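K.L.:
Next up is a structure, given as structure tokens.
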Amino acid sequence: MPTRAKSIMSLMIATVAGATYAGSALAQTQTPAPAPAPAPAQAQSPSVDVSNQKLTNNTVTVNDVNLPTRGYIAIHTTNANGEMTNRIIGYAPLRAGDHKGVKVHLTGNHKAGETLWVAVHQRRPRPLMGARGKGRIGDPFMQMGVPVDKSFQTL
Numbered sequence: 005m006p007t008r009a010k011s012i013m014s015l016m017i018a019t020v021a022g023a024t025y026a027g028s029a030l031a032q033t034q035t036p037a038p039a040p041a042p043a044p045a046q047a048q049s050p051s052v053d054v055s056n057q058k059l060t061n062n063t064v065t066v067n068d069v070n071l072p073t074r075g076y077i078a079i080h081t082t083n084a085n086g087e088m089t090n091r092i093i094g095y096a097p098l099r100a101g102d103h104k105g106v107k108v109h110l111t112g113n114h115k116a117g118e119t120l121w122v123a124v125h126q127r128r129p130r131p132l133m134g135a136r137g138k139g140r141i142g143d144p145f146m147q148m149g150v151p152v153d154k155s156f157q158t159l
């Protein structure tokens with residue numbers, strides 16, 4: 005009988021060991037996977053908001069500017085048809101992000117009733133040869149194929 009008891013005891017030990025192993029393997033497969041890493045933040049869309057305003061010390065205040073990367077806000081003149089021209093009469097460099105109450109000093113004299121444009125521009129990696137100041141102002145940021153800009157009136 006002792007041999008039979010040893011066999012039964014060995015069988016019980018093997019069964020318990022097997023169940024323990026199977027239980028730990030089952031526990032490993034049922035362990036929830038770690039949560040996926042959050043998706044990278046979407047780059048902010050470029051935008052600009054400006055109101056009609058009286059110029060104070062030849063300065064324009066832009067209500068809100070949003071840039072996805074470093075860039076510039078630029079004030080442009082208007083042609084006879086009321087369209088924005090390439091002539092920049094004031095600008096300010098900005099870091100990526102949202103900016104409120106951005107002040108831009110204008111060159112030249114401007115009178116009440118004049119239409120001007122504010123546009124957000126990309127930053128050139130290198131300035132244009134021989135260009136000063138404005139040499140890093142690149143192409144305008146685009147939104148659905150259209151430059152991000154807005155016109156306003158001087159009061």
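Residue numbers for the sequence shown follow our numbering, beginning at 5 and rising by one.
Just so it is clear, CB atoms sit at the ideal spot from N, CA and C, and this is done for glycine as well.
Since the structure is predicted, the reported quantities are computational estimates derived from the model, not experimental observations.
Roughly how far, in whole angstroms, is the beta-carbon of Gly164 from the beta-carbon of Val106, given that I think they are within contact range, below 8 Å?
P.N.:
Absent from the model: residue 164. The displayed extent of the chain is 5 to 159, so no value can be given.
K.L.:
How many Å lie between Gly112 and Ile93 at the Cα?
P.N.:
8 Å
K.L.:
In its own chain, which residues sit with a C-beta less than 7 Å from the C-beta of Thr89, not counting the 5 before and 5 after it?
P.N.:
His80, Thr81, Thr82 and Asn83
K.L.:
Count the other C-beta atoms from every protein chain shown that fall within 10 angstroms of the C-beta of Phe145, then say buried if there are 16 or more, exposed otherwise.
P.N.:
buried
K.L.:
What did DSSP end up calling Leu30 once you bin it into helix, strand or coil?
P.N.:
The predicted position of Leu30 is uncertain, since its pLDDT is 47 and thus under 50; no value can be drawn from it.
K.L.:
Looking at the strands, I want to know which residues DSSP matches up with His114.
P.N.:
According to DSSP, which records beta bridges pairwise, His114 is partnered with nothing at all.
K.L.:
Label Leu159 either buried or exposed according to how many other C-beta atoms from any shown protein chain fall within 10 Å of its C-beta, with 16 as the threshold for buried.
P.N.:
exposed
K.L.:
Between the beta-carbon of Ser55 and the beta-carbon of Gln147, is there less than 9 Å?
P.N.:
no
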